[in-house]
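In numbering that gives the first Met the number 0, the protein residues as written are 0 to 183. Each remark here refers to the structure printed beneath this line.
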Amino acid sequence: MHSFHYSNGSLHCESVSIADLADEYGTPLYVYSSETFRDRYTRLDAAFSSINHEVAYAVKANSNLSILRLLAKMGSGFDIVSGGELFRVIKAGGDPGKCTFAGVGKTREEIEYALRQGIYSINVESEEEALFINQVASELNLIAPIAFRVNPNVDAKTHKYISTGKSENKFGIDFEFILDAYQR
């Protein structure tokens with residue numbers, strides 16, 4: 000279900016005429032349906048209701064504060080890739096304890112900010128990054144909640160520029176080395 004439909008030949012979002020919105024705000028104009036967001040979130044959450052889970056919205060998909068606020072009110076977690084995205088989630092009322100910080104190139108400042116905010120987890124791309132995050136956490140007298148991104152050395156047969164799962168790709172820790180990295 001989505002909440003965009005035609006009524007009397009005019010496109011509407013929920014009960015609001017898109018033409019009226021364009022007249023009031025001008026174009027181009029982005030229009031989002033809170034009903035559609037609620038419906039999709041609720042259906043996805045319900046699909047996993049039999050197991051312990053967390054639905055996490057990828058903030059990089061759209062960091063509009065109204066959307067983040069709506070998802071936060073529904074209890075959503077958030078997948079973030081920067082300190083700025085974490086800031087926006089918090090500003091929108093999101094719980095940092097439901098945020099997972101992924102991505103490459105995390106700065107010391109972003110790591111400190113995430114740790115101080117009580118982030119759920121920082122996804123680690125390399126053993127060196129794990130050691131660095133641990134050092135930053137130690138300086139703050141905190142324990143860093145981390146999760147390793149494992150490179151399974153699997154060829155998904157995608158375009159060579161977007162492939163991420165083979166051993167020659169730069170993302171994650173090789174499957175053969177993950178146990179040793181974890182133990183260190």
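We put the beta carbon where it would ideally sit given N, CA and C, even for glycine.
In this structure Asp78 is in contact with Thr99, their Cβ atoms being roughly 5 Å apart against a cut-off of 8 Å. Rounded to whole angstroms, the gap between the alpha carbons of Val30 and Cys12 is 8 Å. In the three-state reduction of the DSSP assignment, Ala57 falls in the strand class.
Going by DSSP, Tyr29 is part of no alpha helix (DSSP H) at all; its letter is neither H nor E.
In this structure the segment 14-26 does not touch the segment 38-46; the number of beta carbon pairs closer than 8 Å is below three.
Secondary-structure assignment with DSSP links Ala146 through a beta bridge to Asn122. Spanning the alpha carbons of Thr35 and Ser2 requires a straight line of approximately 6 Å. Annotated three-state conformation of Thr41 is helix, per DSSP. Taking the C-beta atoms as reference points, Tyr119 is found no nearer than 9 Å to Phe86. Across the set Asp19, Val123, Val135, Ile17, the C-alpha of Val123 shows the shortest separation from the C-alpha of Gly102.
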